Amino acid sequence: MTASPALAALTVVDHPLVRHKLSIMRARHTPTAEFRRLLREIAVLLGYEATRDLPLTEYPVETPVARTVGVRLAAPVFVPVLRAGLGLLDGMLDLLPEGDVAHIGLYRDPETLQPVEYYFRAPADLAARCCIVVDPMLATGGSAVAALDRLKGRGAADLRFVCLLAAPEGLQRLRAAHPDVPVWTAAVDERLNEHSYIVPGLGDAGDRLFGTQ
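In this note's numbering, the protein residues as written are 7 to 219.
Here it is as structure tokens:
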């Protein structure tokens, strides 16, 4: 795992398991079912790092031998950006099934290329919770910024962003808009192409996840 010295809030989780699974996902002929399974598995590994410093409270525990002190964490709110974010959500809930889930539905307007919200549903207590936004691809950064804007508008303050791949352009845009939000990713790729796809990337994560085109 490496943290960027230029962007202190960026963590690249370069564990061998993550790199191995991501390489299989990049391959164009990897079947949908395997792509979906690997995304779920990587989500667990990314989530492990993104939740490393969640707050804990102590409570008494009776073991078969003696009394001791246990710890309980404050369950976060996972926020998948629809639709591709659902592929990371399952792995996050495998890791922390007690977490709650908010949903943000966004699509990119074909004329303006700006994100348009079509759905939002979240727990009422966002201001008191850690909110972990998940979306496989941080490409232009438009959807990520819009999702974080929406959550901050609802009072969320402890925000984190987890993605599978990031482009430098998306990272720059996210950091400019939300410099207080840390980012975890499996890899930072080279650039965006003329169609705003990450290069080398893995194509459209939503299409590959759900078998659509």
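Note that beta-carbon positions come from the ideal geometry of N, C-alpha and C, so glycine has one too. What you are looking at is a predicted structure, and each value in this text was computed from that prediction instead of being measured.
Counted within 10 angstroms of its Cβ, other Cβ atoms place residue i as buried (16 or more) or exposed
i: residue 14; result: Caution applies to residue 14, whose pLDDT of 43 falls short of 50 and renders its modelled position unreliable; the model cannot decide the point.
i: residue 205; result: exposed
i: residue 93; result: buried
i: residue 82; result: buried
i: residue 90; result: buried
i: residue 66; result: exposed
i: residue 157; result: buried
i: residue 221; result: Outside the shown range of the chain (7 to 219) lies residue 221, about which nothing can therefore be said.
i: residue 115; result: exposed
i: residue 103; result: exposed
i: residue 1; result: Any answer about residue 1 is impossible in this case: the structure gives the chain only from 7 up to 219.
i: residue 78; result: exposed
i: residue 57; result: buried
i: residue 118; result: exposed
i: residue 62; result: exposed
i: residue 218; result: exposed
i: residue 76; result: exposed
i: residue 185; result: exposed
i: residue 130; result: exposed
i: residue 11; result: With a pLDDT of only 44 at residue 11, under 50, the local geometry of the prediction cannot be trusted, and no value is derived from it.
i: residue 100; result: exposed
i: residue 59; result: exposed
DSSP three-state assignment for residue i, whether helix, strand or coil
i: residue 14; result: Caution is warranted here: a pLDDT of 43 is assigned to residue 14, below 50, making its placement in the model unreliable, and the coordinate value is therefore given only provisionally. In the structure shown, residue 14 sits in coil (DSSP, three-state: anything other than H, G, I, E or B).
i: residue 38; result: helix
i: residue 96; result: helix
i: residue 60; result: coil
i: residue 55; result: helix
i: residue 47; result: helix
i: residue 181; result: helix
i: residue 211; result: helix
i: residue 176; result: helix
i: residue 86; result: strand
i: residue 101; result: helix
i: residue 206; result: coil
i: residue 70; result: coil
i: residue 77; result: strand
i: residue 187; result: coil
i: residue 19; result: coil
i: residue 219; result: coil
i: residue 201; result: coil
Whole-number beta carbon distance between residue j and residue i, since they are thought to touch under 8 Å
i: residue 183; j: residue 151; result: 5 Å
i: residue 193; j: residue 171; result: 6 Å
i: residue 189; j: residue 180; result: 7 Å
i: residue 154; j: residue 187; result: 6 Å
i: residue 112; j: residue 88; result: 7 Å
i: residue 55; j: residue 19; result: 5 Å
i: residue 214; j: residue 38; result: 7 Å
i: residue 148; j: residue 120; result: 6 Å
i: residue 23; j: residue 52; result: In fact, because the Cβ distance is near 11 Å, the residues do not count as touching under 8 Å.
i: residue 145; j: residue 203; result: 7 Å
i: residue 195; j: residue 173; result: 6 Å
Whole alpha helix (DSSP H) runs in the segment 120-171 with 4 or more residues, listed along the chain? 148-159
Would you say the segment 15-31 touches the segment 40-47, given that touching needs at least three Cβ pairs under 8 Å? yes
Would you call the segment 124-136 in contact with the segment 159-166, where contact means no fewer than 3 C-beta pairs closer than 8 Å? yes
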